[in-house]
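In what follows, a single structure is set out as structure tokens and then discussed.
2 protein chains.
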Amino acid sequence: MKRITITDIAKRAGVSKGTVSAVINGKNTVRAETRNLVTSVMKEMNFRPKGMARNLKQKNTDKSIGLIVRDLMNPFFTSVAIGVKDYANQKGYDVFITSSENDHEREVKFSQLFSNKDIKGAIISPIVEGSSEIEHLFKLKMINYPFVLLEDVRGIQANVVSIDNVKAIKIAVQYLIDNGHTKIVHFAGDPISSHSLERIEGFRKAFSECSLSCTHEMIVTIGSIYETAFINAIQFFKNRSRDQHPTAIVCFNDQQALAVLDAAIQFDLQAPDDISITGNEDIAFARLFPVPLTTIHAPLNEFGMKAAEILIRNIESPTLLPVENLVLDANFIIRKSTKQLNS
Amino acid sequence: MKRITITDIAKRAGVSKGTVSAVINGKNTVRAETRNLVTSVMKEMNFRPKGMARNLKQKNTDKSIGLIVRDLMNPFFTSVAIGVKDYANQKGYDVFITSSENDHEREVKFSQLFSNKDIKGAIISPIVEGSSEIEHLFKLKMINYPFVLLEDVRGIQANVVSIDNVKAIKIAVQYLIDNGHTKIVHFAGDPISSHSLERIEGFRKAFSECSLSCTHEMIVTIGSIYETAFINAIQFFKNRSRDQHPTAIVCFNDQQALAVLDAAIQFDLQAPDDISITGNEDIAFARLFPVPLTTIHAPLNEFGMKAAEILIRNIESPTLLPVENLVLDANFIIRKSTKQLNS
DNA sequence: TATACTCTTTGAACCGTTTCAATAAAATAA
DNA sequence: TTATTTTATTGAAACGGTTCAAAGAGTATA
Chain Y
0 MKRITITDIA
10 KRAGVSKGTV
20 SAVINGKNTV
30 RAETRNLVTS
40 VMKEMNFRPK
50 GMARNLKQKN
60 TDKSIGLIVR
70 DLMNPFFTSV
80 AIGVKDYANQ
90 KGYDVFITSS
100 ENDHEREVKF
110 SQLFSNKDIK
120 GAIISPIVEG
130 SSEIEHLFKL
140 KMINYPFVLL
150 EDVRGIQANV
160 VSIDNVKAIK
170 IAVQYLIDNG
180 HTKIVHFAGD
190 PISSHSLERI
200 EGFRKAFSEC
210 SLSCTHEMIV
220 TIGSIYETAF
230 INAIQFFKNR
240 SRDQHPTAIV
250 CFNDQQALAV
260 LDAAIQFDLQ
270 APDDISITGN
280 EDIAFARLFP
290 VPLTTIHAPL
300 NEFGMKAAEI
310 LIRNIESPTL
320 LPVENLVLDA
330 NFIIRKSTKQ
340 LNS
Chain E
0 MKRITITDIA
10 KRAGVSKGTV
20 SAVINGKNTV
30 RAETRNLVTS
40 VMKEMNFRPK
50 GMARNLKQKN
60 TDKSIGLIVR
70 DLMNPFFTSV
80 AIGVKDYANQ
90 KGYDVFITSS
100 ENDHEREVKF
110 SQLFSNKDIK
120 GAIISPIVEG
130 SSEIEHLFKL
140 KMINYPFVLL
150 EDVRGIQANV
160 VSIDNVKAIK
170 IAVQYLIDNG
180 HTKIVHFAGD
190 PISSHSLERI
200 EGFRKAFSEC
210 SLSCTHEMIV
220 TIGSIYETAF
230 INAIQFFKNR
240 SRDQHPTAIV
250 CFNDQQALAV
260 LDAAIQFDLQ
270 APDDISITGN
280 EDIAFARLFP
290 VPLTTIHAPL
300 NEFGMKAAEI
310 LIRNIESPTL
320 LPVENLVLDA
330 NFIIRKSTKQ
340 LNS
């Protein structure tokens with residue numbers, strides 16, 4: 000089935016391609032009668048002009064960048080997206096957001112689509128699970144396509160903006176230790192997620208830097224979304240008697256922390272009196288939780304803005320720029336879900 | 000400043016365009032030496048092949064649709080986006096999301112960009128404030144570009160999927176009246192928003208259908224986002240003595256309801272005992288509020304899916320299809336923020 | 001040495017529009 | 001009636017790549 004082109008329309012209407020083009024573009028040089036004829040033929044044949052061909056000849060001055068997140072629903076990415084958008088808009092760029100839904104195939108496809116669609120550059124939150132495939136990134140480099148990663152990917156030299164997850168968790172744990180907690184547990188996110196692994200590393204580091212030991216049982220993987228985390232947290236509490244419970248739990252993220260808060264209540268453990276709980280990421284609702292959440296505030300907006308800044312700098316540079324690597328610090332926000340342990 | 004093209008690279012490297020093209024596309028027919036030469040020239044000149052030109056000749060089989068929301072942060076749109084994405088993916092389409100940020104210019108620009116970038120169709124949540132400008136929609140019709148609106152726009156015949164806001168609020172008010180409430184107030188959203196106006200209409204209708212009168216003071220505009228709603232709600236409660244307070248408040252949306260809940264507490268009004276409060280939209284967090292929120296559940300996922308369904312049907316149809324107009328019902332979910340009034 | 005292959009590279013044709021100088025037709029002026 | 005202007009239409013060139021038959025250069029084979 001062949002595509003219908005402007006030539007088909009011209010032929011059928013008995014006019015030239017130029018005239019059809021003029022009608023499409025609403026030029027006022029075409030006679031009403033001709034316009035009607037052409038329009039009706041277009042309708043009849045359901046003709047849709049091919050945008051790419053139009054753009055080829057036209058000056059195509061549009062400025063746009065693409066963003067590939069891993070999960071649309073995740074407030075983390077929403078906040079980052081806002082940052083990207085704000086900076087980009089300010090510089091006159093529009094943002095196209097897509098979600099890989101943690102599917103590597105999609106990430107690959109999108110990175111291609113962006114350049115095919117003349118989107119000038121991309122900010123990519125890459126899926127990194129162990130041995131990540133990165134040939135699509137090499138392809139982008141080959142065509143000098145500007146892009147910024149939101150996470151470090153081994154094996155490729157590229158612009159990266161990331162948040163120091165290790166440090167962030169370390170500070171939270173430090174705080175708990177300083178406040179007399181020793182029975183601290185870390186609820187990890189998803190086993191394959193690099194975010195999760197980094198946070199586990201931060202948890203471990205905090206202990207080793209205080210010359211305390213961090214045992215295997217102190218890290219429990221319960222998942223990153225509310226529903227699964229809730230179920231697993233219930234299981235966790237059920238499996239031990241009251242005096243076996245930790246005095247503090249360091250959660251992977253805020254949604255998980257909420258689930259833990261809710262699960263704990265079912266076992267009559269009220270934060271912060273019976274148990275201290277910290278979140279991570281400081282999503283918008285964190286301060287509105289039943290117990291306002293002590294959490295780690297990642298500068299998500301700034302995160303997005305910085306990525307956009309680097310990207311646009313690269314887009315606008317006539318020469319190839321050296322890669323940048325920027326690590327942002329998170330900061331700890333003390334609300335009501337943690338307290339000093341009475342000794 | 001002229002664009003660097005493949006011809007420039009070919010000339011500089013002393014090879015033909017065809018060879019450069021082969022290098023770009025990683026064809027293995029190119030001698031290593033030649034490949035290196037070309038690659039280095041490409042780097043040196045920071046050459047970025049124009050995607051649209053590439054796609055013109057290639058078979059370009061990519062299937063993608065665009066979504067224009069009005070506000071990225073709004074959970075309402077996030078849920079709709081998920082629905083769109085789910086249906087689209089299932090049909091093999093990718094989704095590009097953009098946000099007009101309630102700026103009409105942007106909406107216009109995006110609707111153009113989509114077709115220019117060979118995105119096959121668009122789902123648009125239009126900005127409708129009074130006399131809305133719609134020539135950009137007419138332009139889309141002119142080129143038979145498939146699109147679906149997420150709200151009715153006067154003056155144009157187009158595919159529309161919408162939610163029956165009027166009916167939704169009516170049911171909520173009905174419920175409150177049936178449960179003995181008479182001193183009911185509606186907190187409206189933003190004055191210009193058509194959603195807000197429809198909800199006000201629903202509020203009015205519920206009263207008139209019960210042959211009760213709905214006075215002007217029963218509708219108070221306090222805004223749709225948490226922060227402003229909170230401030231205005233505080234003001235509202237401050238302005239009247241305890242026995243003047245309504246026994247029930249019908250809120251514009253869930254975020255606003257949360258703000259009202261929080262503000263009410265400050266005046267020692269606890270839902271549902273001292274005051275009944277209903278939300279709208281049933282965002283994910285609504286059931287996790289301090290008091291689980293009685294609200295109106297809009298089938299947002301289905302909303303998005305239906306829009307995607309209609310859009311894709313139009314994209315894939317060889318002939319121009321008649322427009323569709325689909326209205327979805329919302330349903331009322333009773334949780335803990337409302338109760339029967341003791342008479 | 002001639003012949004057949006293989007490996008590289010070339011360059012013209014093509015993708016589907018827009019653009020614009022040239023032209024044709026119609027209207028107006030002389 | 002002819003010259004001039006205005007209005008509408010044409011068609012070839014251009015946009016920036018890809019494609020692929022054909023040619024050229026080496027190499028191995030007979």
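Sequence order for the protein chains is Y and E.
Heads up: the first sequence at position 340 corresponds to 339 in numbering that gives the first Met the number 0, and the numbers run straight through without jumps.
Heads up: the second sequence at position 70 corresponds to 69 in numbering that gives the first Met the number 0, and the numbers run straight through without jumps.
Glycine residues also receive a C-beta, built at the ideal position from the N, C-alpha and C atoms.
- The alpha-carbon separation between E:V184 and E:F206 amounts to approximately 12 Å.
- The beta carbon of Y:I126 sits closer than 7 Å to the beta carbons of R69, S99, N101, H103, E106 from its chain, once the five residues preceding and following it are set aside; these are given in chain order.
- For the 9 Å CB-CB criterion, E:I274 and E:T246 form a contact.
- Classified as buried, E:D253 has 16 or more neighbouring CB atoms from the shown chains inside 10 Å of its CB.
- Check the Cα spacing between Y:I311 and each of Y:I23, Y:T28, Y:K90: the tightest is with Y:K90.
- Segment contact: the stretch 155-167 of chain Y against the stretch 306-325 of chain Y, three or more CB-CB distances shorter than 8 Å; contact assigned.
- Per DSSP, the unbroken beta strand (DSSP E) holding Y:T294 starts and ends at 294-296.
- By the beta-carbon neighbour count (other beta carbons within 10 angstroms, threshold 16), Y:G25 is exposed.
- Contacts between E:N54 and chain Y, judged by CB atoms closer than 7 Å, involve M51, N115 in chain order.
- For E:P289, the nearest beta carbon of chain Y is closer than 9 Å to its own beta carbon.
- If you keep only unbroken beta strand (DSSP E) runs of at least 3 residues inside the stretch 72-150 of chain E, you get 93-98, 121-123, 146-148.
- In this structure, the alpha-carbon of E:T6 lies about 8 Å from that of E:S15.
- With 16 or more other Cβ atoms inside 10 Å of its own Cβ, Y:S195 counts as buried.
- At a cut-off of 9 Å between beta-carbon atoms, E:T220 makes no contact with chain Y.
- Between E:G82 and E:I64, the alpha-carbon positions lie close to 13 Å from each other.
- Listed along chain Y are I142, each with a C-beta nearer than 7 Å to that of E:P48.
- Of all C-beta pairs linking the stretch 45-65 of chain E to the stretch 106-122 of chain Y, three or more are shorter than 8 Å, placing the two stretches in contact.
- Between Y:S124 and Y:F76, the gap from beta carbon to beta carbon is short of 9 Å.
- Just so you know, the alpha carbons of E:C209 and E:D328 end up roughly 21 Å apart.
- Beyond the five residues adjoining it in sequence on each side, Y:A21 comes within less than 7 Å, by CB distance, of T28, V29 in the same chain, given in chain order.
- Each of E:G222, E:D85, E:D151 was checked against the Cα of E:A187, and the nearest Cα belongs to E:G222.
- Contact between Y:K119 and Y:I314 holds: their C-beta atoms lie close to 5 Å from each other, under 8 Å.
- Residues of chain Y with a Cβ closer than 8 Å to the Cβ of E:K169 do not exist; the shortest Cβ-Cβ separation is about 29 Å.
- Beta-bridge partners assigned by DSSP to Y:S63: Y:D93.
- Inclusion of Y:I276 and Y:I248 in the CB contact set at 9 Å is warranted, their separation being smaller than that value.
- Interface flag for E:A80 against chain Y is set, since a Cβ pair is found closer than 9 Å.
- Close partners of E:P317 in chain Y (Cβ separation under 7 Å): N45.
- For the stretch 21-41 of chain E, the beta-carbon criterion of a distance under 8 Å to any beta-carbon of chain Y is satisfied by I23, G25, T38, M41.
- Looking at the DSSP output, E:L327 sits in a beta bridge with E:I162.
- Contact between the stretch 141-149 of chain Y and the stretch 131-150 of chain E is absent: fewer than three C-beta pairs spanning the two stretches fall below 8 Å.
- E:T220 sits in a strand when the DSSP states are folded into three classes.
- A distance below 9 Å separates the beta carbons of Y:A52 and E:L55.
- Cβ-Cβ separation between E:A258 and E:A232: approximately 6 Å, consistent with a contact (criterion under 8 Å).
- Apart from sequence neighbours up to five positions away, the residues of its chain that approach E:L320 with a beta-carbon distance below 6 Å are N313, ordered along the chain.
- Counting only Cβ-Cβ distances below 8 Å, E:D281 has no contacts in chain Y at all, with the closest Cβ about 15 Å away.
- Interface criterion not met: the Cβ of E:M217 is under 9 Å from no Cβ in chain Y.
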